[in-house]
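S.K.:
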Amino acid sequence: MLGTLVLLDTTTVLGELGWKTYPINGWDAITEMDEHNRPIHTFQVCNVMEPNQNNWLRSNWIFRQAAQKVYVELRFTLRDCNSIPWVSGTCKETFNLFYHETDESHGGAFKPAQYTKIDTIAADESFTQMDLGDRILKLNTEVREVGPVSRKGFYLAFQDIGACIALVSVRVYYKKCPFTLRNLASFPDTVPRVDSSSLVEVRGACVDHAEERDTPKLYCGADGDWLVPLGKCVCSMGYEEIDGACAACKPGFYKAFAGNIKCSKCPPHSYSYGEGAILCHCEKGFYRAEKDPPTMACTRPPSPPRNVLFHLNDTCLLLEWSPPSDTGGRRDLTYNVLCKRCGPQPGQCQLCGEELRFVPRPQGLTNSTVTVMDFSARANYTFEIESLNGVSEMSHFPRPFTAITVSTDQGAFMVGMLKKDWASQNSIALSWLEPDLPSLNVVDYEIKYYEKEHEELSYSSTRTKAPSVIITGLKPSTCYVFSLRTRTSAGHSAYSPKYEYETTDDTSDMASDQGQVLVIVTAAVGGFTLLIILTLFFLITGRCQWYIKSKMSSEDKRRTNYQNGHALPYPGVKTYVDPDTYEDPAQAVHEFAKEIDPTRIRIERVIGAGEFGEVCSGRLRTPGKRETAVAIKTLKGGYVERQRRDFLREASIMGQFDHPNIIRLEGVVTKSKELHGKFLFLSSPPLSPPPVMIVVEYMENGSLDSFLRNHDGHFTVIQLVGMLRGIASGMKYLSDMGYVHRDLAARNILVNSNLVCKVSDFGLSRVLEDDPEAAYTTTGGKIPIRWTAPEAISYRKFSSASDAWSYGIVMWEVMSYGERPYWEMSNQDVILSIEEGYRLPAPMGCPVALHQLMLHCWQKERSQRPKFIDMVSFLDKLIRNPSSLLALVEDILPDSPGEVVDYPMFISIGDWLDSIKMSQYKNSFVAAGFSTLDSVAQMTIEDVRRIGVVLIGHQRRIVSSIQTLRLQLLHEQEKGFHV
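In terms of mature numbering (1 follows the signal peptide of the UniProt record, and there is no 0), the sequence shown is residues -15 to -1, 1 to 964.
1) According to DSSP, simplified to helix, strand and coil, what is aspartate 690?
2) Please state whether DSSP places glutamate 419 in a helix, a strand or coil.
3) Among Asn321, Val185, Ala151 and Asp277, which has the Cα closest to the Cα of alanine 241?
4) Taking cysteine 324 as the reference, which of Thr356, Thr351 and Tyr84 has the closest Cα?
5) When we look at the beta-carbon of histidine 194 and count the other beta-carbons within 10 Å, is it buried (16 or more) or exposed?
6) Just verifying my parser: in three-state terms, what is the DSSP assignment at serine 946?
7) With DSSP run on the structure shown, which of helix, strand or coil describes isoleucine 370?
8) For tyrosine 823, which three-state DSSP category applies?
9) State yes or no: is the C-beta of glycine 132 within less than 8 angstroms of the C-beta of proline 177?
10) Decide if histidine 836 is buried, meaning its Cβ has at least 16 other Cβ atoms within 10 Å, or exposed.
11) Consult DSSP for phenylalanine 172 and reduce its assignment to one of helix, strand or coil.
12) What is the rounded straight-line gap between the Cα of glutamate 626 and the Cα of phenylalanine 577?
13) Would the stretch 717 to 727 and the stretch 785 to 792 be scored as touching if the rule is three or more Cβ pairs under 8 angstroms?
14) Going by the CB atoms, is the gap between isoleucine 647 and isoleucine 617 shorter than 8 angstroms?
15) How would you call residue 980, buried or exposed, if buried means at least 16 neighbouring beta carbons within 10 angstroms?
16) With DSSP collapsed to three states, give me the class of leucine 336.
17) Got a sec? Which residues, its chain only, sit under 7 angstroms from histidine 254 by beta carbon, not counting five neighbours each side?
18) So who's on the other strand from isoleucine 69, going by DSSP bridges?
19) Considering only residues of the same chain and omitting the five flanking positions on each side of arginine 694, which have a CB-CB separation below 7 angstroms?
20) Assuming isoleucine 370 contacts threonine 387 under a Cβ cut-off of 8 angstroms, what Cβ separation, rounded to an integer in Å, is found between them?
21) How would you label glutamate 754, buried or exposed, when you count the other beta carbons within 10 angstroms and need 16 or more for buried?
22) Residues in the same chain with beta-carbon distance under 7 angstroms from arginine 629, minus the five sequence neighbours each way, listed in chain order, please.
23) Name the residue from Cys334, Arg129 and Arg342 whose alpha carbon lies nearest to the alpha carbon of lysine 54.
24) Tell me which residue opens and which closes the beta strand (DSSP E) that histidine 26 is part of.
25) Using CA coordinates, which residue listed in Cys742, Ala774 and Gln38 is at the minimum distance from leucine 817?
26) Terminal residues of the continuous alpha helix (DSSP H) containing tyrosine 792?
27) In whole angstroms, what separates the C-alpha of alanine 148 from that of glutamate 89?
28) Assuming glutamate 305 and serine 353 make a contact with CB atoms under 8 angstroms, what is their CB distance in whole Å?
29) Run the CB neighbour count on alanine 730, radius 10 Å, all protein chains shown included, and call it buried at 16 or more, exposed below.
30) Report the three-state DSSP secondary structure of phenylalanine 467 (helix, strand or coil).
31) At which residues does the beta strand (DSSP E) containing tryptophan 407 begin and terminate?
32) Is the CB-CB distance between cysteine 327 and asparagine 292 below 8 angstroms?
33) Taking the alpha-carbon of proline 309 as reference, which of Met716, Pro290 and Ser900 has the nearest alpha-carbon?
34) Can you check whether the CB of methionine 800 is closer than 8 angstroms to the CB of proline 826?
35) Under a Cβ-count criterion, where at least 16 other Cβ atoms within 10 Å of its own Cβ denotes burial, should valine 929 be classed as buried or exposed?
36) Provide the residue(s) that pair with phenylalanine 143 in DSSP beta bridges, ordered along the chain.
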């Protein structure tokens, strides 16, 4: 029996037992053979016919060993007294069990008075005469405790007082908690205490090559069971746990920390030849910096910088270069710039003195640019640029560098004086002499100007290829400051001195034009006379048809001939008209939106809440047509006039658009009266002022972002591209009309039952009032940071190009099925990351062609972003040629670095997870054995789920980043260096 030690078992004794009987003719010793042909020693007594029986059977002396409490197991048979004929009342059906402790054997002496009674033993089952005929003996088993025992040994004694009994076997044992291994600690055999309610605390000893993490303990229970394990041991450095023991790491593996983790394969470019390695040694030419963890791959110094260029003007020299093709596998890349000034003869070079000023500094540069100032004109400078990383100092080889020689006489050029040719209320014409640059070609001129009173806090600029320009859009009677610089193939010149010129006012214009007044008056009189003659002619002939309105508002003239103060580029093109140009905003509403009789509208249910009130679905009844489903935006009661004007501004904008991918305006309700009983409200209608509504077509599937999240993975790539094509077509229409959306995002795209996507949410520049975290407040209002181009965030320069940037984010939202751009990054982190060149990686399953289009939309220079007409054409080609969508980003290894986004590389699992804001899973990755970037790059979606990432969005983000990481690792391997 597990957890017991046997002191006596009569069934295992081969010879005579040697037990004593008192008197001699009491108990009889009988030896029989069992079914396995082994002897069984039994003792029998059956003196039931004679009264006053007192028969004793005493065992040999039993050594108690370590026992404090012993157990006696008796197996016996007993005959029923009623089955014995002619028996008197002296027959018994019980016997007594005694014990006596001594330090040594007594030999033959037996004194019953020295023995202590343990118990009276009775049989649960007794046999009869009939059972004897059938040879059926009913065996009884009884166990009794003896203790506590303190002497070296003891005797057992059995007293018969007149029963018919056979003692078949006696087994004496005590319980213990056996030797065991738990948590890499060994615990010895332990005897429990006599008191069954108390436990014995046992401290374990760590196995070989293990060390205590917390003191290992077990508690031994009274029944011989180990209970309440506490603490543990862990395998030492260089050893891992295998089958409860600590085994040495195999060659090629190592373990740098004590703990119950597995040995790891040596990081790239390192090795271990012996067993039990705690560190892998770097290969020749590779190094590990002092602060590098042993889990990090060995690295090497970087190669020199590439593609060094310079831009020179009169005041400064800008040096810029590309990062080295081989960073050595590290991210701590810096640059040093060494300057030498050289004479006309080769070899006449000396280090530059302190007269040169480097911005920000010449040593320890983290960016690949530096500006050099205070250099001498017409001198030759050689700049040596070297790359360094954390192990450059450990290499014995000279540091490689790239050098470039610059002659500063290339920058000594400047234009002459700026001359004002003429000025008007809103314009100033300037001209200047072209510079004499025989060795350089002038690319263009840049003119910077600003109002004098603003002191260059905010300025505008324009470019021209000719040595003259007309600056328009200026204020009357205002002094402006102008300066000019030239751009050649060698770079920009310094700005010219500042010139101040002033626009004219109304009176000055009239005074300057006095010479033309007489001609104008004369022409007017003649024209008036001619008009009278023609009028009389048409009246007489009866053929006069008036088709010219008698009065045209100033707003109509502006809308017909001008856009934002400039003449239209060509007549006949429908152009967006800003409602703010109307003196009375209500006039814009009536101009572009149709008034609807509210009795034709039936509201059915509330489907959402907008900035100004509820958004409902309902039906619109049009005479002669079937009812159509519509969405109704209502202005909540108690509004003020400003809120009403802002609310209807969107209708004034929307009513100008007519395109299948722009939400269609059905009309507005602004003049409703006595609506009670005629119009169904979901809540009590406001009494005053009257309700105001905007009625648009109903889009069954709601906003695009929610629709995609609710149908994750349900569409083919062609269907998604079709949605994107519709959005691009709508944006092309808006761009052609001169309208800038400024808030293009998937939440502002609506989807109908046919999966047609339509651009919506026009009007105010307010953004995301219900999500303050998504907007970044500036002096000009709120901006949706995650969707907005850098120049719009920094300078509030909104244009079709900034809408193109936003469209790239919408593409990313569609291909990721509505995931939040930049995930949980803060707005400030998003701004800084974009400035540093970070761009969103391709979503999982995204075709290469679509991600390339996204990256084009995210060009820093807005002039380099694609136009919407080009994007529509490109998407049409993809739809006509579906095979072009088969190549996924994660499946393509580019042939050159220019074909792939330069994603950052990482040196540890922690860095990688930190970069994608998933640091909460660090322990999960390490515990699952994914301790190197190589192992992570091989993970699948099932692996990600298995380590405990249960949120779908987190799974998609991690898998998408793994695909990018895998692509980068493969790219590094192709270059001959494995990270």
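In this text, a Cβ means the ideal position worked out from N, Cα and C, and glycines have one as well.
M.R.: Once the coordinates are examined:
1) For this step, residue 690 is matched to residue 705 along the sequence shown. Aspartate 690: helix per DSSP, three-state reduction.
2) Against the sequence shown, residue 419 aligns to sequence position 434. Coil at glutamate 419, not helix or strand.
3) Reading the sequence shown from its first residue, position 256 is the one you call residue 241. Closest in alpha carbon position to alanine 241, among Asn321, Val185, Ala151 and Asp277, is Asp277.
4) The residue labelled residue 324 in the question sits at position 339 within the sequence shown. Ranking Thr356, Thr351 and Tyr84 by Cα distance to cysteine 324 puts Thr356 first.
5) Along the sequence shown, read from residue 1 onward, the residue named residue 194 stands at position 209. Histidine 194 sits buried, since 16 or more C-beta atoms from the chains shown fall within 10 Å of its C-beta.
6) The count along the sequence shown starts at 1 and reaches residue 946 at position 961. If DSSP states are grouped into helix, strand and coil, serine 946 belongs with the helices.
7) What you label residue 370 is simply residue 385 of the sequence shown in a count that begins at 1. DSSP places isoleucine 370 in strand when its eight states are reduced to three.
8) As a working mapping, residue 823 is identified with position 838 in the sequence shown. DSSP, read as helix, strand or coil, puts tyrosine 823 in coil.
9) Residue mapping note: residue 132 aligns to position 147 of the sequence shown, counting from 1. Residue mapping note: residue 177 aligns to position 192 of the sequence shown, counting from 1. Going by C-beta atoms, glycine 132 is not nearer than 8 angstroms to proline 177.
10) Residue 836 sits at position 851 when you count from the first residue of the sequence shown. Around the C-beta of histidine 836, 16 or more other C-beta atoms lie within 10 Å, and the residue is accordingly described as buried.
11) Translated into positions along the sequence shown, residue 172 becomes position 187. In this structure, phenylalanine 172 counts as strand in the three-state DSSP scheme.
12) For the purposes of this step, residue 626 is taken as the residue at position 641 of the sequence shown. For the purposes of this step, residue 577 is taken as the residue at position 592 of the sequence shown. For the pair glutamate 626 and phenylalanine 577, the Cα-to-Cα distance works out to about 20 angstroms.
13) In short, these stretches touch, since the Cβ pair count reaches three.
14) Taking the sequence shown and counting its residues from 1, one reaches residue 617 at position 632. Taking the sequence shown and counting its residues from 1, one reaches residue 647 at position 662. Contact check for isoleucine 617 against isoleucine 647 fails: the beta carbons are separated by 8 angstroms or more.
15) Residue 980 is absent from the structure shown; the chain starts at -15 and stops at 964.
16) Within the sequence shown, numbered from 1, the residue matching residue 336 stands at position 351. Leucine 336 falls in the strand class under three-state DSSP.
17) The residue labelled residue 254 in the question sits at position 269 within the sequence shown. Excluding its 5 nearest sequence neighbours in each direction, histidine 254 has C-beta neighbours in its own chain below 7 angstroms: Cys267, Glu268, Phe271, Ala282 and Cys283, listed in chain order.
18) The sequence position of residue 69 within the sequence shown is 84, counting from 1. Secondary-structure assignment with DSSP links isoleucine 69 through no beta bridge to anything.
19) Translated into the one-based positions of the sequence shown, residue 694 becomes position 709. Tyr802 and Gly803, listed in sequence order.
20) Looking up residue 370 in the sequence shown gives position 385. Looking up residue 387 in the sequence shown gives position 402. About 5 angstroms; that satisfies the 8 angstroms criterion.
21) For the purposes of this step, residue 754 is identified with residue 769 of the sequence shown, where counting begins at 1. The predicted model places glutamate 754 with a pLDDT of 34, which falls under 50 and marks its position as unreliable; any figure quoted below should be read in that light. By the 10 Å Cβ count, glutamate 754 comes out exposed.
22) The residue labelled residue 629 in the question sits at position 644 within the sequence shown. Around arginine 629: Leu620 and Val677.
23) Counting from one through the sequence shown, the residue named residue 54 turns up at place 69. It is Arg129.
24) Within the sequence shown, numbered from 1, the residue matching residue 26 stands at position 41. Run containing histidine 26: 24 to 31, per the beta strand (DSSP E) assignment.
25) Here residue 817 corresponds to residue number 832 of the sequence shown, with the count starting at 1. It is Ala774.
26) Indexing the sequence shown from 1 puts residue 792 at position 807. Going by DSSP, tyrosine 792 is part of the alpha helix (DSSP H) stretching over 785 to 800.
27) Here the question's residue 148 lines up with position 163 in the sequence shown. Here the question's residue 89 lines up with position 104 in the sequence shown. Straight-line Cα distance between these residues: approximately 32 angstroms.
28) Taking the first residue of the sequence shown as 1, we reach residue 305 at position 320. Taking the first residue of the sequence shown as 1, we reach residue 353 at position 368. Contact between glutamate 305 and serine 353 is confirmed by a C-beta separation of about 6 angstroms, below the 8 angstroms threshold.
29) Within the sequence shown, numbered from 1, the residue matching residue 730 stands at position 745. With 16 or more other Cβ atoms within 10 Å, it is buried.
30) For the purposes of this step, residue 467 is taken as residue 482 along the sequence shown, with counting starting at 1. Correct three-state label for phenylalanine 467: strand.
31) Stepping through the sequence shown from its first residue, residue 407 is reached at position 422. It spans 404 to 408 - the beta strand (DSSP E) in which tryptophan 407 sits, taken as one unbroken run.
32) One-based indexing of the sequence shown puts residue 327 at position 342. One-based indexing of the sequence shown puts residue 292 at position 307. No.
33) If you number the sequence shown from 1, residue 309 lands on position 324. Considering only alpha carbons, the answer is Pro290.
34) Counted from its first residue, the sequence shown places residue 826 at position 841. Counted from its first residue, the sequence shown places residue 800 at position 815. In this structure, methionine 800 does not lie closer than 8 angstroms to proline 826 by Cβ.
35) For the purposes of this step, residue 929 is identified with residue 944 of the sequence shown, where counting begins at 1. Around the beta carbon of valine 929, a 10 Å sphere encloses 16 or more other beta carbons of the protein chains shown; the residue is thus reported as buried.
36) Locating residue 143 in the sequence shown gives position 158, where the first residue counts as 1. DSSP output for phenylalanine 143 lists Leu42 and Leu82 as bridge partner(s).
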